[in-house]
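Right, one structure below, let's go through it.
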Amino acid sequence: MIVAIPVDEDQKSLCPSFGRAPWMMFSDTETGAQKILENPAAQAQGGAGLKAAQFVADQDAAALITVRCGENAAKVLKAAGIAIYQSGAPEAAENLAALRDGRLSEMTRFHPGFVGGQP
Amino acid sequence: MTVAVLSGKGGAGKTFAAVNLAAAAGKAVYIDCDVEEPNGRLFWQPRGVTERPVTTALPVFDPEKCVGCRSCVDFCRFNALVYVKKAPMVFPEVCHACGGCALVCPQGAVGEQHRKVGVVEEGNRDQIHVVTGVLRTGEVSAVPVIRAALSAGLSRGDLTIIDCPPGSGCPVMESVREADYCLLVTEPTAFGLHNMAMVHQLCRLLGKPCGLLINREEAPYAPLEDYCAREGLPILLRIPYRRQLAQWGAEGAVAVRRDEALKAEFTRLLREIGGTAV
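Chains A and B, in that order, give the protein sequences. Taking my numbering, I'd label the letters of the first sequence as residues 72 to 190. Taking my numbering, I'd label the letters of the second sequence as residues 383 to 660.
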């Protein structure tokens, strides 16, 4: 299973924003293979969460571990059959271990997003 | 002549200024572009009101024709489209109805449906033609309703007063685009000055002549006076802080119809900016 994690500039710690994270880490839990790709949505004018969700779906991820996630992105991820987990620690590695041990729970609260935030 | 009334900060007195300016003129078209909370109609209480829906286009996809090339997804700069599980999805509140997805689709798989986002009301009171844009509650973008209200009201009469929304974003830009003059309204407070300065910059950027109305003034506010002197912003009218005005406002009364001196002040303002009173 491929797990996606939005990570910060250091490519290790979770970025609090899913849509605008500079990097997206993809880890294969079976093989241990890991790649870190630039998040194409980071600089999006609008709809960053949607674009990031599309990107995660295109990488065939089956799960996402994130600090927070907007409603729109959640809709896309759900449609793509991607499970969304609430992060439990600041570092990506700790979260992968926690997911493996069944210590992460699925996210139930999604924020309304920032689309149209500028009045 | 078309005069846009704007303030940046909400509650500064845009509607008060716009309604009284139109009433002082005697004959005018009044367009309420503050479509999230159009309050001008409470003062006018227009008669013979007709209502027209405002719709916006939304793409619909023909699954028979779509081959999953994603041209539409890649084209959409607002990221309103995604493609998952071999099907396109649209997010209506993110879509700006530009129609680009239909243009770029090589398969002709994108059609249009229309979604109601608000209404435009039109009515009359005395010699005031009242146009009111009303955004449907929950809609994200006010722009389509503002455009519809403006196209209904503009060029209907010699004098048009546009009551703009608060803020300094897209809805405000849309509202002032056709204006010949921008009447800025502020309170003599730090908050009022800050937001007024933002819309002042915007109006200047758009090449509009501007003048200021200071509302609810107890005493001159030095930073505001300094700003006007420094930026060459003429102060056209100072409305003192008066309990009576608040009371008339709460009653839904138009102040210049009860106060001849105030009417004379608004008439003078109108003349100074190049408008005419009947």
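Glycine included, C-beta positions come from ideal geometry on N, C-alpha and C.
Residues near residue i in its chain [Cβ-Cβ closer than 7 angstroms; skip 5 each side]
i	result
A169 (chain A)	G159, A160, L175
E654 (chain B)	L618
E642 (chain B)	none
V486 (chain B)	S453, C454, F457
P435 (chain B)	K498, V501
G657 (chain B)	M383, V385, A407, L541
F648 (chain B)	N402, L403, A406, V638
G188 (chain A)	Interpretation of G188 (chain A) is limited by its pLDDT of 43, a score under 50 that renders its predicted location unreliable; the figure taken from the coordinates is listed afterwards. Counting only Cβ-Cβ distances below 7 angstroms, and skipping sequence neighbours, we find nothing.
T100 (chain A)	M72, V74, R171
V492 (chain B)	P441, F443, C454, C483, A484
9 angstroms Cβ cut-off: residues of chain A touching residue i
i	result
F736 (chain B)	Because chain B is modelled from 383 through 660, residue 736 (chain B) falls outside the range shown and cannot be assessed.
V417 (chain B)	Simply none; closest approach about 12 angstroms.
V449 (chain B)	Chain A residues near V449 (chain B): none, gap ~17 angstroms exceeds 9 angstroms.
Beta bridge counterpart(s) of residue i as assigned by DSSP
i	result
R429 (chain B)	B:N506
D414 (chain B)	B:T514, B:D545
Q105 (chain A)	A:S98
A386 (chain B)	B:I544, B:C564
F443 (chain B)	B:V492
P77 (chain A)	A:M95
K498 (chain B)	B:T437
Q157 (chain A)	A:T137
H576 (chain B)	The partner list for H576 (chain B) (beta bridge, DSSP) is empty, contrary to what the question assumes.
M471 (chain B)	B:V464
L594 (chain B)	B:L566, B:I617
L85 (chain A)	A:V78
H182 (chain A)	A:G141
E162 (chain A)	A:S84
E599 (chain B)	B:P622
Proximal chain A residues relative to residue i, where beta-carbon distance stays under 7 angstroms
i	result
R586 (chain B)	Within chain A, no residue comes near R586 (chain B); the closest Cβ sits about 20 angstroms away, beyond 7 angstroms.
V486 (chain B)	Simply none; closest approach about 17 angstroms.
V499 (chain B)	The premise fails here: V499 (chain B) is roughly 13 angstroms from chain A at the closest Cβ pair, so nothing lies under 7 angstroms.
V512 (chain B)	Within chain A, no residue comes near V512 (chain B); the closest Cβ sits about 25 angstroms away, beyond 7 angstroms.
Partner residues on chain B for residue i, Cβ-Cβ distance less than 7 angstroms
i	result
A133 (chain A)	By Cβ distance, chain B contributes nothing, its closest Cβ being about 13 angstroms from A133 (chain A), past 7 angstroms.
A150 (chain A)	V466, K467, M471
Contacting residues, own chain, Cβ-Cβ under 6 angstroms from residue i (five flanking each side not counted)
i	result
P591 (chain B)	Y563
V411 (chain B)	H511, G535, R538, G539, T542
R91 (chain A)	A113, A119
T397 (chain B)	N421, G422, D545
N577 (chain B)	G390, K391
Residue i Cβ short of 7 angstroms to the ligand NAD heavy atom set
i	result
G118 (chain A)	Only the bare structure without any ligand can be found here, which leaves the ligand NAD out of the picture.
Contacts that residue i makes with chain A (C-beta to C-beta distance below 8 angstroms)
i	result
F460 (chain B)	Q116, G117, G118
A516 (chain B)	Looking at the sequence provided, one finds Val at residue 516 (chain B) rather than Ala. Within chain A, no residue comes near V516 (chain B); the closest Cβ sits about 17 angstroms away, beyond 8 angstroms.
V567 (chain B)	Under the 8 angstroms cutoff, chain A gives no residues; its nearest Cβ is about 17 angstroms from V567 (chain B).
V558 (chain B)	Per Cβ cutoff of 8 angstroms: no residues; V558 (chain B) is ~15 angstroms from chain A at best.
V492 (chain B)	Those do not exist, as V492 (chain B) stays about 17 angstroms from chain A at its closest Cβ, beyond 8 angstroms.
Chain-order list of residues whose beta-carbon lies under 8 angstroms from that of residue i (same chain, five-residue window excluded)
i	result
G614 (chain B)	none
D79 (chain A)	L85, C86, A92, P93, W94
Positions along the region 112–129 of chain A whose CB lies within less than 8 angstroms of some CB in chain B
A112, A115, Q116, G117, G118, A119, L121, K122, A124, Q125, A128
Is the region 610–618 of chain B close to the region 587–597 of chain B, with three or more CB pairs under 8 angstroms?
yes
Below 8 angstroms, can you find three or more Cβ-Cβ pairs linking the region 513–520 of chain B to the region 437–454 of chain B?
no
Counting only Cβ-Cβ distances shorter than 8 angstroms, please list the residues of the region 393–414 of chain B near chain A, keeping chain order.
none
Positions along the region 590–624 of chain B whose CB lies within less than 9 angstroms of some CB in chain A
none
Could you check whether the region 148–167 of chain A touches the region 132–139 of chain A, counting it as contact only if at least three pairs of C-beta atoms, one from each stretch, sit closer than 8 angstroms?
yes
Check whether the region 546–562 of chain B and the region 421–429 of chain B are in contact - that is, three or more C-beta pairs closer than 8 angstroms.
no
Just checking, does the region 565–580 of chain B make contact with the region 628–638 of chain B on the three C-beta pairs under 8 angstroms criterion?
no
Three or more C-beta pairs below 8 angstroms linking the region 138–153 of chain A and the region 96–110 of chain A:
no
Could you run through the region 518–547 of chain B and flag, in chain order, every residue whose CB is less than 7 angstroms away from some CB of chain A?
V522, S523
Counting Cβ pairs closer than 8 angstroms, one from the region 623–632 of chain B and one from the region 602–609 of chain B, do we hit at least three?
no
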